[in-house]
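See structure below.
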Amino acid sequence: MKIQLPGLLQAWLKRFHNLPGRDQKALLALGVVLGMLVFYLAVWVPVYQVYEAGQANRERQLELLRYLRGTETQARAAASGPVSGAKGQALLPQISSSTQRFQIKPNRLQPEGSDAVSVWFDAVSFNDLIRWLEQQASEGIEVRQISIDRDEANGKVNARIILFS
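Here it is, written out as structure tokens:
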């Protein structure tokens, strides 16, 4: 009981059987090596690349989790602190203390309505003013309106800013 193979395959098998034993062994070894190479390139490499991408994604997610856990207390304090529910009167001391931390002195602080504060600066360093505004933004205080005029001194400005939370 012989299995009938297509004509081309039968011709190859006939040629294979007509080869000397040493050549048959070499051809079989070559076939095994080529089969392993195809398996490696078609199966193993793509699976390994997916595995590596998954590992890298896992590490990124773990780093994010560590960061979030490290800042959890700060986030909870900010969510329950005066910034989230601050009104104009509650913003005054916060803005006053933050200007002292940045060593910039406002000429005037004044509540604007029920949820905002106006701050006037004369001859303040532009760079210090911008750093202070960035800090305010990171604390949840936003700029509603800003007016900045150049002062005669180099690098100094006069500003009027309305902040709200």
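So for the sequence shown, the working numbering puts the first residue at 1; every next one is plus one. Backbone N, C-alpha and C define an ideal beta-carbon position, used for all residues, glycine too. Note that the structure is predicted; figures quoted are calculated from it, not measured.
Pairwise C-alpha distance: residue j and residue i
| i | j | result |
| --- | --- | --- |
| R66 | E59 | 10 Å |
| R108 | I161 | 11 Å |
| R144 | L133 | 12 Å |
| F102 | Q135 | 10 Å |
| A153 | T71 | 41 Å |
| A56 | R69 | 20 Å |
| Q110 | Q100 | 16 Å |
| I146 | L62 | 41 Å |
| R22 | A29 | 11 Å |
| L24 | Y48 | Residue 24 is actually Gln in this sequence, not Leu. If I take the Cα positions, the gap works out to 34 Å. |
| F16 | G35 | 18 Å |
| P46 | G7 | 35 Å |
Proximity of residue i and residue j at Cβ, strictly below 7 Å
| i | j | result |
| --- | --- | --- |
| E142 | F164 | yes |
| A79 | F121 | no |
Per-residue burial, residue i [other beta carbons within 10 Å of its own, 16 or more giving buried]
| i | result |
| --- | --- |
| L129 | buried |
| P106 | buried |
| L19 | exposed |
| S118 | buried |
Bridge-paired residues (DSSP) for residue i
| i | result |
| --- | --- |
| A112 | Note on residue identity: the sequence assigns Glu, not Ala, to residue 112. For E112, which the question treats as bridged, DSSP gives the partners A116. |
| I161 | V119, I146 |
| S125 | K156 |
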